[in-house]
Structures are given as C-alpha cells and as structure tokens.
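Peer 1:
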Amino acid sequence: MSHPHPELTEPGKLPKGGLRVTPLGGLGEIGRNMTVFEYDGRLLIVDCGVLFPEEHQPGVDLILPDFGPIRDRLGDIEALVLTHGHEDHIGATPYLLRERQNIPLVGSELTLALLGSKLREHRLRETVQHKVREGDTISFGPFELEFVAVNHSIPDAFAVAIRTPAGLVLHTGDFKMDQLPLDGRITDLRAFARLGEEGVDLFLVDSTNAEMPGFTTGEKKIAPAIEQVFRESDQRIIVACFASHVHRVQQVLDSAVAHGRKVAYVGRSMVRNMQIASDLGYLHVPDNVIVDAKELADLPPEKVVMVSTGSQGEPMSALSRIANGTHNFVHIEPGDTVLLASSLIPGNENSIYRVINGLARLGANVVHKGNALVHVSGHASAGELLYCYNIVRPRNVMPVHGEVRHLLANGDLARQTGVESVVYAEDGVVVDLIDGKAEIAGKVECGYVFVDGTTVGDVTESELKDRRILSEEGFVSIVIVVDSVKGVVASGPEIHARGHVWPDNAFEPVKQPIIKAVNRAISEGATDTYQLQQAIRRTFGRWVSSTHRRRPMIVPVVIEA
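First residue of the sequence shown? That's 1 in full-length UniProt numbering, and the numbers climb one at a time after it.
#1: Does the beta-carbon of valine 429 have 16 or more other beta-carbons within 10 angstroms, so that it is buried, or is it exposed?
#2: Going by CA-CA distance only, name the one from Glu445, Phe192 and Ala323 that's closest to glutamate 10.
#3: Assuming alanine 561 and valine 482 form a contact by the criterion Cβ under 8 Å, report the distance between their Cβ atoms to the nearest whole angstrom.
#4: Glycine 173 and histidine 84 - do their beta-carbons sit closer together than 8 Å?
#5: Judging by CA-CA distance, which residue of Leu340, Leu253 and Leu44 is the nearest neighbour of histidine 284?
#6: Between which two residues does the alpha helix (DSSP H) holding phenylalanine 37 run?
#7: Where do the ends of the alpha helix (DSSP H) carrying threonine 539 lie?
#8: Have a look at glutamate 87 and proline 334 and give me their C-alpha separation to the nearest angstrom.
#9: Which runs of the alpha helix (DSSP H) fall wholly inside the region 95-157 and span at least 4 residues, in chain order?
#10: Tell whether a beta-carbon distance below 8 Å holds between phenylalanine 37 and leucine 43.
#11: Assign proline 94 to one of two classes, buried (16 or more other C-beta atoms within 10 Å of its C-beta) or exposed (fewer than that).
#12: May I ask which residues mark the beginning and end of the alpha helix (DSSP H) holding lysine 443?
#13: Below 8 Å on the Cβ atoms is my guess for glycine 267 versus threonine 309; work out the distance and round it to an integer in Å.
#14: Using only the alpha-carbon positions, how far apart do glycine 451 and arginine 231 sit?
#15: Would you kindly check if the distance between the Cβ of alanine 79 and the Cβ of valine 148 is under 8 Å?
#16: When you compare each of Gly91, Arg125, Phe67 and Thr111 to glutamate 99 by their alpha carbons, which one comes out closest?
#17: Excluding five sequence neighbours on each side, which residues of the same chain lie with their C-beta closer than 8 Å to the C-beta of lysine 131?
#18: Decide if histidine 401 is buried, meaning its Cβ has at least 16 other Cβ atoms within 10 Å, or exposed.
#19: So what does threonine 337 bridge to, in DSSP terms?
#20: With 16 as the cutoff for other CB atoms within 10 Å, does isoleucine 559 come out buried or exposed?
#21: Can you list, in chain order, the residues of its chain whose CB lies under 6 Å from that of alanine 323, leaving out five sequence neighbours each side?
#22: Tell me which residues share the same chain as proline 104 and place their Cβ nearer than 8 Å to its Cβ, disregarding the 5 neighbours each side in the sequence.
#23: Please report the Cβ distance between glutamate 219 and leucine 170, rounded to the nearest whole angstrom; I am assuming they are in contact, meaning their Cβ atoms lie under 8 Å.
#24: Mark aspartate 435 as exposed unless 16 or more other C-beta atoms lie within 10 angstroms of its C-beta, in which case mark it buried.
#25: Which first and last residues belong to the alpha helix (DSSP H) in which arginine 42 is found?
#26: Among Val291, Ala92, Asp76 and His331, which has the Cα closest to the Cα of phenylalanine 143?
#27: Label alanine 277 either buried or exposed according to how many other C-beta atoms from any shown protein chain fall within 10 Å of its C-beta, with 16 as the threshold for buried.
#28: What's the call for phenylalanine 507, buried or exposed, on a 16-neighbour Cβ count within 10 Å?
#29: What residues in its chain sit with their C-beta under 7 Å from that of valine 422, if we drop five residues either side in the sequence?
#30: Should alanine 441 and alanine 210 be called a contact, given that it needs their Cβ atoms to be closer than 8 Å?
#31: Would the beta-carbon of glycine 18 fall within 8 Å of that of alanine 166?
#32: Can you look up glutamate 560 in the DSSP assignment and give me helix, strand or coil?
#33: Could you tell me which of Val289, Val257, Ala293 and Ala256 sits nearest to valine 271, measuring between CA atoms?
#34: Exposed or buried, glutamate 384, counting other C-beta atoms within 10 Å across all chains shown (16 or more means buried)?
#35: Would you mind working out which of Ala264, Met274, Val555 and Ile45 sits nearest valine 291, comparing C-alpha positions?
#36: Got a sec? Which residues, its chain only, sit under 6 Å from threonine 187 by beta carbon, not counting five neighbours each side?
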C-alpha cells in the first residue's frame with residue numbers, strides 16, 4: 001500500500017547543508033518503524049521493525065519496511081540505531097542485513113541481545129555491534145549520536161539526539177513518563193531540557209497515545225489486579241503477555257513467590273527472551289521458582305503459574321493453541337484462570353476475542369483489560385506530550401509512530417504549546433531540514449513488503465486479493481477439450497468447485513453457454529488457449545454472479561486435442 005499523496009513528486013537533490021528525513025515505515029500505521037536520515041550523501045537509519053499482518057492479509061507472516069528507496073545506496077549507510085527491543089523496531093533488521101551484513105548496529109545491551117537471537121536464526125553471525133548506555137555519545141560519519149534514557153514497556157529504551165551541521169534532531173523512540181517505574185529508570189527530562197536549551201531543530205515524537213488525555217497510568221498501578229488474581233485463584237493461572245514485556249513477567253514472578261507457586265514459560269520466544277533478560281540482570285528470578293513447562297503435570301494446580309505468548313491472539317502462539325485445545329501438553333481445566341496482561345493492538349480485536357471465547361468455552365475464568373486493570377500502555381499520553389513540548393521548545397515537530405489520527409492529534413498538541421512548524425508526513429513522504437526550517441520535499445515509492453514463508457517481497461497486493469477471494473468465495477475449475485483440427489469443442493466442460501456448497505446439478509445451465517462462447521471465439525479468430533480461457537472466464541463469471549451472487553476464483557483449462 002503506497003501512501004496517499006499523489007500530488008507529491010520525487011524529491012530533488014538535497015541542497016548542500018540540508019538534512020533529509022525519509023520515513024519508510026511507522027507513519028500512518030503502528031508497526032514496521034524505520035526512518036532514514038541523510039546528510040552530505042551519507043545515511044543513518046533509526047529502527048528497522050516489522051508489522052504483523054491483519055486478517056485481510058491471508059498467508060502473510062510479516063510485513064517489512066520497503067528498502068527500495070535505499071537499496072542502491074546500501075554502501076552509504078553509516079549505522080542502524082535501534083531505540084529499543086520491540087519487534088516493531090528491530091524485527092526487520094535481519095532482512096536489511098541480508099542485503100548488507102556489515103551495517104554497524106547501535107543499541108542498548110538488552111536490545112542487541114534480543115536482536116542477537118534473531119540474527120542467529122537468520123545465520124547472520126558476523127555483525128558489527130556497538131553497545132551504548134544512556135549518556136553515551138558516539139559518531140558515525142557526519143552524525144553525532146547522544147543516547148537519552150526513556151521509560152517504556154521494555155527495559156533499556158532510548159531516545160536519540162542526532163547532531164549534524166544541518167541542526168539537532170531529537171527522536172523520542174517509544175516512551176512514556178512513568179514517575180515510579182518498576183526498574184527505577186525514568187525518562188531523562190533533564191537531558192530533554194538540556195537539549196532544548198541547545199536548540200532542537202526537529203523533534204520526532206511518539207504519537208501512539210496522543211488522543212488519550214492526561215498521563216499514562218504507571219506500571220505499579222496494575223499490581224493490585226495481579227495480586228487479586230493470585231489471591232482468588234485456587235487452580236492454575238496462565239498469564240499471557242508480550243514475550244518482551246520483562247516488567248510484567250517480573251510482577252508475575254513476584255506474585256508467584258508470594259503465593260508459593262512455581263512458574264513455567266510457555267512459547268519459544270517467551271523462553272528465549274526471559275532467559276536473555278535473566279542472564280543480563282534485567283529480570284530478577286528468585287531461586288527455585290522457574291520449572292520446565294513439561295514438569296507442571298507433576299504439580300498441584302494451585303501451585304502452578306504459566307507465562308505464555310499469544311496475548312494478541314496470534315494463530316500459532318501458545319495461548320491460541322491452548323484455547324483451541326491443540327497444545328501438546330497444556331490443556332485448560334474448568335476453574336483455571338487466564339490473565340491477558342496486554343492491550344488490544346488495533347486490528348487484532350477479533351483474534352483476541354476469539355481466543356477469549358475459546359478459553360471461556362473450556363471453563364477458564366478470563367481476566368483481561370476489558371474487566372480489570374491488568375495492563376497499562378507504554379506510550380506517553382497527551383499530558384506527557386505537552387510536558388515534553390514545553391520542556392524542549394523545538395523549532396519544528398514531526399509526529400511519528402502512529403496512525404494518521406494519532407499523528408494529527410500529536411501535531412495539534414505541539415501547536416497548542418506554541419510550535420509553529422509542524423510537519424505531517426506518512427511513509428515515503430520526504431522532509432528536508434534546511435536553514436532551521438522543516439518542509440515536505442516530495443515522496444518516494446514506499447509500499448508493503450510481505451514475508452510469506454521463505455519468500456520476501458514476492459507476494460503482491462494482487463495475489464493477496466486472489467487469496468481473499470479463495471477464502472471468501474471459493475474456487476471453480478473449468479476443463480474443456482478443443483478439437484484443434486475442426487476448431488470446435490470436443491469434450492466438456494467439466495466443472496469442479498471447492499469452498500462453497502453447490503447443488504449437484506448447479507452448473508448444468510452454464511455448460512451450453514460456455515461451449516457457445518468458446519466456439520464463437522474460435523470462429524472469430526482466437527488462435528491461442530489464453531483467449532479461449534478468457535472467453536470461459538467471462539461467460540462463467542457473468543452467470544455465477546447474476547444467478548448465485550458469488551464471485552469465486554475461476555480457473556479455466558483448455559486442452560487442445
């Protein structure tokens with residue numbers, strides 16, 4: 001899907017001394033975040049994430065940013081900066097490194113560790129990595145980077161200040177301003193203020209919660225709801241959350257210890273990520289609490305807690321398989337409690353409620369955001385954003401990370417604080433910062449890149465349309481034999497259908513019209529099987545639409561005898 005700006009043309013050459021900003025994902029959507037900065041012919045990339053498919057994209061595993069605009073300039077990339085370890089910020093990195101493996105990777109200890117497991121899966125072992133901490137400054141070509149601690153729903157998240165001769169850019173990454181975070185690591189507003197005093201020429205700001213008034217609820221506020229679940233449950237507890245949500249897992253571990261329960265991780269990514277977090281000291285695991293999931297059958301149900309993937313209803317996740325009764329060793333018993341400790345990502349609602357209904361049908365008590373305070377957002381709400389604008393006092397603002405409505409709401413907040421220059425961009429819209437002024441300079445072609453199994457970029461929107469037709473309308477094959485000497489239909493048509501219930505004689509009325517259409521096409525000079533197939537497709541398509549109000553996929557086959 002290209003961005004909806006047909007009035008924009010391809011940008012001209014970047015003027016000397018200017019900084020160009022090109023978002024290739026994350027603007028107009030929540031996911032696949034990737035922004036390219038250009039100065040003096042050199043490129044810096046901030047984040048490289050994935051977007052997860054929705055129900056209208058059948059068969060798609062992941063959606064990547066479009067690397068097309070920089071594919072012929074991979075040698076100009078100075079570094080890839082990763083603000084934090086969530087999939088929508090790091091998940092596409094292996095696919096970019098397939099195209100140039102020695103791009104320097106810059107990020108925190110936890111971020112690079114979470115990415116490392118992905119790189120090994122893609123057999124990318126010889127990567128160049130620079131581990132940084134808050135307050136560190138490091139330069140790549142004309143870009144000087146300073147890393148600022150921010151609070152988010154994963155430890156070790158950063159905002160990044162990018163200094164170039166064209167000006168100072170501050171990119172918040174994903175952040176909020178929890179004043180009592182579980183790990184004690186708050187968003188460094190002193191650094192924001194210092195950078196504001198220096199003069200922020202362009203402020204790229206997380207927009208996800210810009211429509212939400214006030215301040216985002218603190219992580220500690222959900223502790224009573226988790227405690228209540230543990231206090232009232234007398235059988236097994238299954239907690240589903242993101243596999244990267246270290247803080248939430250820490251809260252579950254603490255409650256489990258307090259109530260004398262053992263904890264097992266269920267789901268490959270959960271096992272892997274929590275082991276990484278524990279090894280690096282971000283997750284504090286009490287002694288003798290963690291057990292292997294397969295050992296749970298030997299424990300009484302009132303002593304068991306499982307921490308599972310699948311909080312978004314992903315079809316192949318552990319929780320979905322548990323809800324479907326297809327997990328190989330975890331099965332719901334009446335009276336079990338399932339706690340969905342996550343928000344509903346837009347587009348996932350149907351999948352999540354399908355899982356909730358499946359669990360409830362099996363007898364589970366399901367606790368979720370709709371009936372208890374069991375999750376808080378990782379993103380700053382309107383009050384926090386206003387606070388930041390008043391601290392930083394930027395010259396120009398470019399809302400990022402959000403759907404269009406979020407970007408517009410964020411820009412409106414900036415204007416309320418006196419920011420006169422707000423630039424609204426979407427994926428592929430190019431913004432130039434020249435002489436302290438940010439303006440749209442044009443657009444580049446920037447679409448979705450679909451990962452389907454082992455193929456990357458081979459699936460098109462047209463093929464997805466075919467898949468949707470197959471799933472909704474079914475499939476009809478029509479086989480006909482043509483006498484190539486006499487130029488008439490010799491046999492058929494044989495019509496076979498799948499995916500829709502048809503009466504036994506449903507296709508009898510259309511057989512003669514198909515024969516007539518093929519004979520007519522031959523008499524009018526049709527010389528190849530493709531033209532005859534088109535005649536069959538048109539005839540059957542008109543008939544099935546008018547008679548049955550269906551639009552199945554039609555596959556005609558013409559055999560010459």
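Beta carbons are placed, not taken as given, at the ideal position from N, Cα and C, and that holds for glycine.
Peer 2: According to the structure shown:
#1: buried
#2: Glu445
#3: About 7 Å separates the two Cβ atoms, so the contact holds.
#4: yes
#5: Leu253
#6: Taken as a continuous stretch (DSSP letters only), phenylalanine 37 belongs to no alpha helix (DSSP H), being part of the beta strand (DSSP E) at 34-39.
#7: 529-548
#8: Rounded to whole angstroms, glutamate 87 to proline 334 spans 34 Å at the Cα level.
#9: Entirely contained in the region 95-157, the alpha helix (DSSP H) runs reaching 4 residues are, in chain order, 109-121.
#10: For phenylalanine 37 and leucine 43, yes; Cβs fall inside 8 Å.
#11: buried
#12: Where lysine 443 is concerned, there is no enclosing alpha helix (DSSP H), although the beta strand (DSSP E) it sits in stretches over 437-443.
#13: The C-beta separation of glycine 267 from threonine 309 comes to about 3 Å, placing the pair in contact by the 8 Å criterion.
#14: Going by the sequence as given, residue 451 is valine instead of glycine. For valine 451 and arginine 231, the gap between their C-alpha atoms comes out near 44 Å.
#15: no
#16: Nearest to glutamate 99 by C-alpha distance, out of Gly91, Arg125, Phe67 and Thr111, is Phe67.
#17: Gly107, Ser108, Glu109 and Leu112
#18: Buried.
#19: Ile237 and Asn365
#20: exposed
#21: Val355, Gly358 and Leu359
#22: Glu78, Ala79, Leu80, Val128, Gln129, His130 and Phe140
#23: About 25 Å separates the two Cβ atoms, so there is no contact after all.
#24: exposed
#25: It is not in any alpha helix (DSSP H) - arginine 42 instead sits in the beta strand (DSSP E) that spans 42-46.
#26: Asp76
#27: The residue in question, alanine 277, is buried, as its Cβ has 16 or more Cβ neighbours within 10 Å.
#28: Buried is the call here.
#29: Val397, Gly411, Ala414 and Arg415
#30: no
#31: Against a cut-off of 8 Å, the Cβ pair of alanine 166 and glycine 18 comes out as a contact.
#32: strand
#33: Ala293
#34: buried
#35: Ala264
#36: Val150, Asn151, Phe175 and Met177
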